[in-house]
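S.K.: FYI, in this note's numbering the residues of the sequence shown are 85 to 219.
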Amino acid sequence: MKRILTYGTFDLLHYGHIELLRRARELGDYLVVGLSTDEFNCKEKKKQSYYDYETRKKMLESVRYVDLVIPENDWEQKLADIERYGIDTVVMGSNWLDSNRFNYLRHHCELIFLPRTYGISSTQIKADLGGKLLT
Ligand code: C2G
Numbered sequence: 085m086k087r088i089l090t091y092g093t094f095d096l097l098h099y100g101h102i103e104l105l106r107r108a109r110e111l112g113d114y115l116v117v118g119l120s121t122d123e124f125n126c127k128e129k130k131k132q133s134y135y136d137y138e139t140r141k142k143m144l145e146s147v148r149y150v151d152l153v154i155p156e157n158d159w160e161q162k163l164a165d166i167e168r169y170g171i172d173t174v175v176m177g178s179n180w181l182d183s184n185r186f187n188y189l190r191h192h193c194e195l196i197f198l199p200r201t202y203g204i205s206s207t208q209i210k211a212d213l214g215g216k217l218l219t
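1) For Leu213 and Glu138, I'd like the C-alpha separation in whole angstroms.
2) Quick check: what's the CA-CA separation for Glu103 versus Tyr202?
3) If you measure between the beta carbons of Val116 and Leu89, is that distance less than 7 Å?
4) From the DSSP output, in three-state form, read off Gly170 for me.
5) Which first and last residues belong to the beta strand (DSSP E) in which Arg87 is found?
6) Spatial neighbours of Asp151 within its chain, please: C-beta separation below 7 Å, excluding the five flanking residues on both sides.
7) In terms of residue numbering, what span does the alpha helix (DSSP H) encompassing Phe124 cover?
8) Could you tell me how far apart the beta carbons of Ser133 and Arg140 are, in whole angstroms, since I believe they sit closer than 8 Å?
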């Protein structure tokens with residue numbers, strides 16, 4: 085059984101996220117998602133999600149490609165996650181290519197970056213909706 089791991093905030097779940105999860109799951113048999121906690125988002129990623137962790141977790145758990153959702157509390161937990169969940173491959177979107185947050189994982193597991201889905205992001209959705217609400 086090939087076990088895949090990915091990380092993210094997955095706020096305002098959209099088809100760009102779904103496409104990432106679908107392609108990641110197709111690379112193996114079991115997909116673990118490290119979901120950024122509200123504290124991690126706020127302190128480290130400097131972003132405030134629209135939905136809180138529990139809501140984002142429930143939404144992810146309803147996606148057919150996702151087998152397990154775990155909290156992402158910090159940048160440093162990835163090696164422990166790989167060990168604990170028997171991960172073969174870490175998959176991320178291409179915006180993380182060459183990031184020092186991930187490159188060191190190459191010595192511990194396969195690391196794959198998938199092209200991002202063009203034209204959608206949680207930030208863009210918020211901006212678009214904000215604009216509409218103001219008109
Ligand atoms: N993504 C994508 N296409 C989009 C938007 C997002 O492929 N149009 C991918 C991202 O590249 C990421 C995943 O979907 O792999 C989740 O995106 P975010 O929730 O924005 O995650 P991010 O803030 O990049 O957090 O430790 C790593 C971080 O937790 C990743």
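The beta carbon of each residue, even a glycine, is placed where N, CA and C say it ideally should be.
M.R.: From the atom records:
1) 23 Å
2) 11 Å
3) yes
4) coil
5) Arg87 to Gly92
6) Tyr114, Leu115 and Val116
7) Asp122 to Lys127
8) 7 Å
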